[in-house]
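One structure is given below, encoded as structure tokens.
Chains as they are written, first to last, in my numbering: chain V, 47 to 442; chain X, 1478 to 1986.
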């Protein structure tokens, strides 16, 4: 392989390389404890809301680097309403969930209307939303904390508390067999899909990756899935919240890469005028992005109150920043049009590992913020400079 | 030897793939008004950009001799420092600032940081008087008309101690009265010893005001005319501007023209921002099956605006008129409905309005017709998409390693082909091609012409908007001439010539 090819490869997989380096760093500095089963499991449960919100945020960012500042407040507000519905009005589980989703969608659509059809800048609309729904959360909760500890169905389904794991159907084992099995099945499906796609491509004479590269990629990803599920099986098994995260990641991963709707998000961010002149309603695309953000904020709201088994007016603070940060670290372009769901998830995992690693090293919380800020800045600088062909300073 | 304030000697400027200026020479005597004329794209603006330092020293070949010394301008500031001030065609004023603020933007009066507003306003008043503009320096730019804005631009130039004033199409957006006043102002400046260079299409104005005329054609300086010795008639100037041979730069086709495919009646469009300004004024045109119809005219004649307003009302306001396709009146209120009725508009601005440069050829090709490669649920068949893109890549001879390549990395000609592929994939009956060969090399131009011939041979109708007259003459069965929003002439391709088209434009200017 010549030099430019290696450079291209490094550029394409920068974040994965960084992820491995960071993980290695923390593995050494924490004496391996970051890789302990419990910590791997915690990484998922602690960051589930980030995965969900970052996926929604990606759609907003794709439309042209636009962000949604209101998600933290919307998470809090939907959570607060859900908690009130359950505790005060004794609404059954399923209706509570439906109501929370409905509220999320309504809030999303409300903001999306101003952004998409009236063309108020998203920054302004969602800044207003951030204030409005933070305030309303306080009003709804009357400034108090409401415990939902006793509503076990809700808590278990959305992955909070101590027992929110998929139970092992094969009885009590030191290793969670269900989890191992799930891991094996997932790996098998992955390998099958990889091969099917490659065989299809070969049959139809499309370009395929080099065989060695294909094998390396398939083996590495399979090993990662297996290792990951093995670690989880050593600690109570699959967290229920992982199911939600997987659903969101797979569904949105598919939508963004394989559907017309998904393509429109990239097109609008890539060149809005050209998209309009191609007969695509750009207003609708904006509307969809922000309405969907409301929907996913509601899901994140459920995950949040379940994990903390309560609703409080301060929940969800800075969640928008976690989501935005994950997107940009995960390779989404600050100008829109570029970014993928897998990329964003890698960004979120990287943020999660940095958080967890620093906590395990007992780094002061304030310094943690400093480090996270620097990582975010570095990621976006990398994006902008590499797009300018490596020139650091913009021409006057 | 005359006292020349400026000599540009053998200026050659190349852009990747194009020689924009080829050994151009320009001599301007002190205290004269010198006109620079030529067709769109002949290189006039490029020459002025070289002079003013927008294209810095070192990016061109040749010498600029100003006031007897060879100059090396690296930025606009350098040339302005010497007293060379350029006023561009598009006014560069900020609407929500006052006249005085605009006049001294980047040239602020006062100390290092602090602006002395009294001095600013006093000076502004003085320069406004010089240009004969009776407005308070405190008036906001948005509150005065275009004619007055043009005067502010000139006052701004004077405030920079201009010794050589360059005006690029100063009267293109002015009405007759304002134009006249502006020309008188230039003559007054001349009486006070100012030198001016004026770029203009309006040859009547040029022959009225200029002492000398330099004609530029295809990046070369063709001739210089002097009022004292040469004939300054419009006919004489036009001959210099267009006098080139048309050789076989255009592929032949056998014409098999059918019935009227689309007809546009009484089409009127207003400007989206200035709602009283008519951009397209009562236009009637038609195009037949298998026919290439050209729309000729100068930049700003309203051709693009006409095309975009027809294409699902994607430009303009208060649009009125009828579109008749195949004998039936249709309403095209959105781009989507225009596409559904078989229209395609291939934009003149392929980078701004046409392509997503950061996306691969594949994705650009299918963007306007994603339904063609996806199922009912909206899931895209990526194999099919790849096939479609590859098919067009072969058909249009798009030069690229694979269709996965980003469009931004292609040459202009190949980008234009991708844009054509995108619209051909929507399977249109009527294609509006807006400047389809702008900024691409001769070989690619020929290929584009061949594609156009194939399209009409397949029974499609093509409307071609172009500022390049040889192309219009070489390719079109019929030619409309548009000027200032109106269709001023309709000519048969075989009868038309550059002189005839030019004189139609100038007659109505």
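Virtual Cβ for every residue (Gly too), placed ideally from N, Cα, C. Every value quoted in this text rests on a predicted model; they were computed, and no experiment measured them.
For residue 106 of chain V, the secondary structure class from DSSP, reduced to helix, strand or coil, is helix. DSSP assignment within the segment 1541 to 1580 of chain X yields the following whole beta strand (DSSP E) runs of 3 residues or more, N-terminal first: 1546 to 1548 and 1561 to 1564.
In this structure, DSSP gives residue 1678 of chain X a state outside helix and strand, which the three-state scheme calls coil. In chain order, 287, 291 and 349 place their CB closer than 6 Å to the CB of residue 94 of chain V, counting only its own chain and leaving out the 5 sequence neighbours on each side.
In the same chain as residue 216 of chain V, and ignoring 5 residues on each side of it, the C-beta atoms closer than 6 Å to its own belong to 223, in chain order.
A straight-line Cα-Cα distance of about 23 Å links residue 213 of chain V and residue 346 of chain V. Neighbours of residue 309 of chain V in chain X, taken as residues at a C-beta separation under 8 Å, are given in chain order as 1840, 1844, 1847 and 1857.
Around the Cβ of residue 165 of chain V, a 10 Å sphere holds fewer than 16 other Cβ atoms; the residue is exposed. Per the coordinates, the alpha-carbon of residue 427 of chain V lies some 12 Å from the alpha-carbon of residue 440 of chain V. Taking the beta carbon of residue 323 of chain V as reference, the chain X residues within 9 Å of it are 1785, 1788, 1789, 1791, 1812, 1822, 1824, 1830, 1831 and 1845, listed in sequence order. With distances taken between CA atoms, residue 84 of chain V lies nearest to V/274 out of V/198, V/274, V/357 and V/392. For residue 1836 of chain X, the closest of X/1856, X/1806 and X/1884 by C-alpha to C-alpha distance is X/1884. At the C-beta level, residue 1614 of chain X and residue 1598 of chain X come within 8 Å of one another. Residue V/238 holds the alpha-carbon nearest to the alpha-carbon of residue 261 of chain V among V/210, V/252, V/282 and V/238. Non-local C-beta neighbours of residue 132 of chain V in its own chain, meaning closer than 7 Å and more than five positions away in sequence, comprise 142, 194, 197 and 200, ordered along the chain. Contact annotation: residue 1949 of chain X and residue 1909 of chain X have beta-carbon atoms that are not nearer than 8 Å. In the DSSP assignment, residue 1692 of chain X falls outside any alpha helix (DSSP H) and within the unbroken beta strand (DSSP E) covering 1689 to 1694. In this structure, residue 1875 of chain X lies away from residue 1845 of chain X, with their beta-carbon atoms at least 8 Å apart. Close partners of residue 1851 of chain X in chain V (Cβ separation under 7 Å): 306.
Distance from the CA of residue 1774 of chain X to the CA of residue 1969 of chain X, rounded to the nearest whole angstrom, comes to 16 Å. Taking each of V/401, V/386, V/403 and V/371 in turn and checking the Cα distance to residue 58 of chain V, the smallest one comes out for V/386.
Residue pairing from DSSP places residue 1763 of chain X in a beta bridge opposite X/1740.
Within the same chain, Cβ atoms closer than 7 Å to the Cβ of residue 277 of chain V are found at 83 and 86, the five residues on either side in sequence being excluded.
The segment 1760 to 1832 of chain X contains, as complete beta strand (DSSP E) runs of 3+ residues, the segments 1769 to 1773, 1794 to 1802, 1805 to 1807 and 1820 to 1823 (chain order).
Within the DSSP bridge table, the entry for residue 1587 of chain X names X/1592 as partners. In the three-state reduction of the DSSP assignment, residue 1504 of chain X falls in the strand class, which pools E and B. The DSSP-derived three-state label of residue 357 of chain V is strand. Taken in chain order, the members of the segment 376 to 404 of chain V whose beta-carbon sits within less than 7 Å of a beta-carbon on chain X are 383 and 384. A contact between stretches requires three or more CB pairs, one per stretch, nearer than 8 Å, and the segment 1633 to 1642 of chain X fails this requirement with the segment 1694 to 1703 of chain X. Within the segment 88 to 101 of chain V, contact with chain X at the beta-carbon level (separation under 8 Å) is assigned to no residue. The count of Cβ pairs closer than 8 Å, one atom from the segment 1966 to 1983 of chain X and one from the segment 1796 to 1809 of chain X, stays below three, leaving the stretches out of contact. Note that the C-beta distance between residue 1763 of chain X and residue 1740 of chain X is below 8 Å. In the three-state reduction of the DSSP assignment, residue 1641 of chain X falls in the strand class. With at least 16 other beta carbons inside 10 angstroms of its own, residue 61 of chain V counts as buried. Neighbours of residue 319 of chain V in chain X, taken as residues whose beta carbon is under 8 Å from its own, are 1829 and 1830 in chain order.
Note that the segment 1647 to 1661 of chain X touches the segment 1681 to 1690 of chain X; at least 3 beta-carbon pairs, one per stretch, sit closer than 8 Å.
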